[in-house]
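Below: the structure, in structure tokens.
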Amino acid sequence: MTTSFNSEQQVVSSDGFFQKLASGVPGVLFTYWLSADGSSHHYPFVSHQVLALFGVDSSTLNETADAVFSIIHPEDAGDLVQTIQDSAQTLVPWRYRARLKLINGEYQWFEVHARPERQPDGSTVFYGQFHNIQHYKDLEQNLRESEAEFSFQAGFQKLMARLSTEFINLGFGTIDQCIEEVLKSIGEFFAVDRAYLYEFSDDYQFMNNTHEWCGDGVASIIGDQQAVPIEDFHWWHQQIGSMVTDNRVVFIEDVDQLPSEATPERSLLKTQGVCSMFCVPIRVRGKVTGFFGVDSLRRRCWREDQADLLIIVSGLLSGALDRFRLEDELLNQSIRDPLTGLHNRRYLMPRLGEMLGRNSRLDEQFTLAMFDIDQFKGINDSIGHLGGDYVLQKFAGILMKKTRPMDIVARFGGEEFIVIFNAVDRSNVRQLVLRMLETVRNDTFIFNGEPVDVTVSVGMASVAEFAEGQPTPDAMISLADNRLYQSKQAGRDCLTDASGTFRL
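Taken in order, the sequence shown gives residues 1 to 504; the numbers are from full-length UniProt numbering.
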């Protein structure tokens, strides 16, 4: 009986017994000894899985634990020793996670659980296990990525909804601000360095950078990207052809890897600091009119669906530009005279009001001249209404040729026209108008092969004449109209202003 007991005790106490027991447990079972002063440590027992997993012989670990510590990923080893010492001091169970280097050179996550026990000599023995938790880490990473992707998609949809609402609610004249807001929002959302819009000329020979957003510290290039001749860049010309015919997105992942035929393009992009870029065509009424693009000035990993997302943005811009162009045409139709192409009264009156406001605030001077074609009823009666239309159109052309872009030229009604001369002294305006009268008088008006004698009379009013208060648009026009009547009474083909009636 005693012999049997001693035999069982010997089996239980043998290392072979524990190795057999440990072989049925996932992970690595161990006892870890740490000296009282923390200067030495080893594994009195460690299961043989340590050799299969990490290529470390258990007999080596019986001497020193350094081999296990050497396979810990450097990023995870920072506070390892401190956590062991804290556990040894407080006798609180030790738990730690770290990546360990497998025998194949790959790092995987392991977690250790160990219970410390103080020994009579002051040393500490830890009884525990470390096991592979890579599966859980992968699952955790997948969940984190799924949450991040969900958050990204939700953020993108929210952004598109907000921008779409802004475009839907935009009023006349606000398209530029909306486009700039889109570029800024998209640039910041995708963390790019530039976002921009280019417009092609109708013949696709030139392109203009019309709108641009730049991140902090990123140089603007819009000033250098006006009337850029596309034919000077043969490779880029081919890409534009693909945009136009195939609606293709142009993606340059690495400017340095552009083909040899794109040497001028590579040189220009490197000058602009571009490392990679996307360009997405913009379509208005079915025609590619330009492209929307983003630049990165550094190497980056783009999303696999980056092109698809930018196509959505391009669609938003295309729709907004399409709508704006239609509204602009409708607006032009409403504020332009269809016969002469000049602005009409509907445009003139609010502009005159704005100019009076600027005069009040900034003392900006201007003079209003009202022109009337002399004896226009007689012209209609003699050559017909088509002939009268011809005279109106030709006279409108003379006004446009003799005025500056900063001046306002409008058909006020019938045979009456108004020109507002901006930022010109009124005495100089008188000379300008007198030369215009001379031009009309000496010009050749021929309708159906017959000459038509045409002269005009003018009444002028300067904003400086209203020193006793802020004039209204109606007051200025009324004063000019009264002086026009004086010119008619003086024999026509002349002008009247505050100084009297003049003719050349």
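We put the beta carbon where it would ideally sit given N, CA and C, even for glycine.
Along the stretch 26 to 63, the alpha helix (DSSP H) occurs as fully enclosed runs of 4 or more residues at 49 to 54, 58 to 63, listed in sequence order. Between Asp-493 and Leu-437, the alpha-carbon positions lie close to 7 Å from each other. Boundaries for Ser-457: no alpha helix (DSSP H) harbours it, while the beta strand (DSSP E) harbouring it runs 456 to 462, taken from the DSSP string. Under the Cβ criterion (8 Å, minimum of three pairs), the stretch 399 to 414 counts as touching the stretch 337 to 352. The continuous alpha helix (DSSP H) containing Gly-384 extends over residues 376 to 402. In the structure shown, Val-249 falls within a coil segment according to DSSP collapsed to helix, strand and coil.
Annotated three-state conformation of Ser-334 is helix, per DSSP. Proximity to Met-476 across Leu-348, Phe-150, Lys-137 peaks at Leu-348, based on C-alpha coordinates. Taking 4 residues as the minimum length, the alpha helix (DSSP H) runs contained wholly in the stretch 298 to 353 are 306 to 335, in order along the chain. Closest option to Arg-483, judged by alpha-carbon separation, among Asp-374, Leu-310, Tyr-96, Thr-496: Thr-496. Judged by their CB atoms, Thr-501 and Ala-490 are nearer to each other than the 7 Å cut-off. Pro-281 counts as buried, since no fewer than 16 other beta carbons sit within 10 angstroms of its beta carbon. Nearest neighbour of Ala-320 by Cα position, chosen from Glu-166, His-48, Lys-488, turns out to be Glu-166. Residue pairing by DSSP places Gly-128 opposite Phe-30, Ala-114 in a beta bridge. Your pair Asn-422 and Met-406 checks out as a contact, with CB atoms roughly 5 Å apart and the cut at 8 Å.
DSSP places Val-255 in no alpha helix (DSSP H); its state is neither H nor E. Pairwise C-beta distances place the stretch 237 to 251 out of contact with the stretch 210 to 227, as fewer than three of them are shorter than 8 Å. According to the DSSP assignment, Phe-233 belongs to no beta strand (DSSP E), since it is labelled neither H nor E. For a cut-off of 8 Å, the C-beta gap from Gly-27 to Gln-157 is around 44 Å, too long to register as a contact. If you look at Pro-281, you'll find it isn't in any alpha helix (DSSP H); it sits in the beta strand (DSSP E) that goes 276 to 284. Here the alpha carbons of Phe-447 and Gln-365 stand approximately 40 Å from one another. Going by C-alpha positions, Glu-415 is about 55 Å away from Asp-295.
Taking Ala-98 as reference, the option from Gly-122, Asp-121, Thr-90, His-131 with the minimal CA-CA separation is His-131. Within the same chain, Ile-312, Val-313, Leu-316 come within 8 Å of Met-160 by CB-CB distance, once the 5 residues on both sides are set aside. Where Phe-69 is concerned, the enclosing alpha helix (DSSP H) starts and stops at 66 to 69. Between Ile-133 and Glu-111, the C-beta gap is smaller than 7 Å, which places the two residues in contact.
As for any beta strand (DSSP E) of minimum length 3 sitting wholly inside the stretch 170 to 228, the runs are 194 to 200, 206 to 214, ordered along the chain. For the pair Asn-359 and Gly-469, the Cα-to-Cα distance works out to about 11 Å. Per DSSP, Thr-501 is one residue of the beta strand (DSSP E) stretching across 500 to 502.
A contact between stretches requires three or more CB pairs, one per stretch, nearer than 8 Å, and the stretch 135 to 151 fails this requirement with the stretch 31 to 40. Taking every protein chain shown into account, the CB of Thr-64 has fewer than 16 other CB atoms within 10 angstroms, so this residue is exposed. Taking the CA atoms as reference points, Leu-330 sits about 10 Å from Phe-324.
With contacts defined as CB atoms closer than 7 Å, Pro-264 and Phe-233 qualify as a contacting pair. Looking only at Leu-34, Ala-154, Ile-179, the smallest Cα-Cα distance to Gln-119 is reached by Leu-34.
The shortest C-alpha to C-alpha distance from Arg-345 to any of Met-370, Gly-357, Arg-361 is the one to Met-370. For Asp-497, the uninterrupted beta strand (DSSP E) segment begins and ends at 495 to 497.
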